[in-house]
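Peer 1: Going by our numbering, the first residue of the sequence shown is number 3, and it counts up by one from there. For each residue, glycine too, the CB sits at the ideal point set by N, CA and C. All values derive from a computational prediction rather than experimental measurement.
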Amino acid sequence: MENALNQFNSRPPRLWRSWGVWAVATAALALGLVFLQMALPAFDTGPSTASQIGEIAGEIKRAAWRSFFGMSQAEVAPETPKLIFYLAIIAPVSAILSLVLSLVSRLTHEDWRLGAYGASLAVAALVLQFIWWLALLIMGFLLLVSILQNIGDIFSW
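(1) Specify the secondary structure class of T28 as computed by DSSP and reduced to three states.
(2) How about A127 and A27: do their beta carbons lie closer than 8 Å?
(3) Just mark G34 as buried or exposed, buried being the case when its beta carbon has 16 or more other beta carbons within 10 Å.
(4) Of the choices L38, G48 and G142, whose alpha-carbon is the least far from that of F87?
(5) Taking the C-alpha atoms as reference points, what is the distance between I62 and P94?
(6) Is the number of C-beta pairs between the stretch 74-86 and the stretch 98-116 that are closer than 8 Å three or more?
(7) When we look at the beta-carbon of W24 and count the other beta-carbons within 10 Å, is it buried (16 or more) or exposed?
(8) I'd like to check one pair, A52 with I149: are the Cβ atoms closer than 8 Å?
(9) What's the C-alpha gap between W67 and V129?
(10) Where does the unbroken alpha helix (DSSP H) through A59 begin, and where does it stop?
(11) If you draw a straight line from the C-alpha of S96 to the C-alpha of N152, how long is it?
(12) Using the rule of at least 16 other Cβ atoms within 10 Å of the residue's Cβ for burial, across every protein chain shown, is V2 buried or exposed?
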């Protein structure tokens, strides 16, 4: 009976000293950064998609003519990195950090649930980012193929 009373009278464990809590927090951060990475292009104020596609097609045609006549290609100005480029690196790094923290949580014999939650969220963030970039790659490839197929129709005289 006294052991049961001591269990309720003891101090609660320090939550932020647990490796599992930090694993869940960094995994949630990684997942949030992946979602932010998906949402940021929607807020970009740039030219319309049609004008961007037209610029790409025009640049392809000009580069082909320069190559045909043996002229040098136009110099491309380096682009300043945007926030989305940094997020593409920070998100998986924080997910991997969360996996390491989950492993440390398990090795220190903490409660397995927090480590498992952190590892699950981290794996979800990694897989979601991989699928997102794969989808962007496929869509970009399909767009480029459709531009090349229709370049004669776009610039016909």
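Peer 2: Answer, in terms of the structure:
(1) Here residue 28 refers to the residue found at position 26 of the sequence shown. T28 falls in the helix class under three-state DSSP.
(2) Sequence index remark: in the sequence shown, residue 127 carries index 125 (1-based). Sequence index remark: in the sequence shown, residue 27 carries index 25 (1-based). In this structure, A127 lies away from A27, with their beta-carbon atoms at least 8 Å apart.
(3) The sequence position of residue 34 within the sequence shown is 32, counting from 1. G34 comes out exposed.
(4) Here residue 87 refers to the residue found at position 85 of the sequence shown. Selected option, being the one with the closest Cα: L38.
(5) Here residue 62 refers to the residue found at position 60 when the sequence shown is read from its first residue. Here residue 94 refers to the residue found at position 92 when the sequence shown is read from its first residue. So the alpha carbons of these two residues sit roughly 34 Å apart.
(6) no
(7) What you label residue 24 is simply residue 22 of the sequence shown in a count that begins at 1. It counts as buried.
(8) The residue given as residue 149 occupies position 147 in the sequence shown. The residue given as residue 52 occupies position 50 in the sequence shown. No, the Cβ-Cβ distance between I149 and A52 is not below 8 Å.
(9) Translated into positions along the sequence shown, residue 67 becomes position 65. Translated into positions along the sequence shown, residue 129 becomes position 127. Roughly 42 Å separates the two Cα atoms.
(10) Taking the sequence shown and counting its residues from 1, one reaches residue 59 at position 57. From DSSP, the alpha helix (DSSP H) with A59 extends over T51 to F71.
(11) As a first step, residue 96 is located in the sequence shown; it is residue number 94 there, counting from the start. As a first step, residue 152 is located in the sequence shown; it is residue number 150 there, counting from the start. Cα-Cα distance, rounded: 42 Å.
(12) In the structure as shown, the chain starts at 3 and stops at 159, and residue 2 therefore has no counterpart that could be examined.
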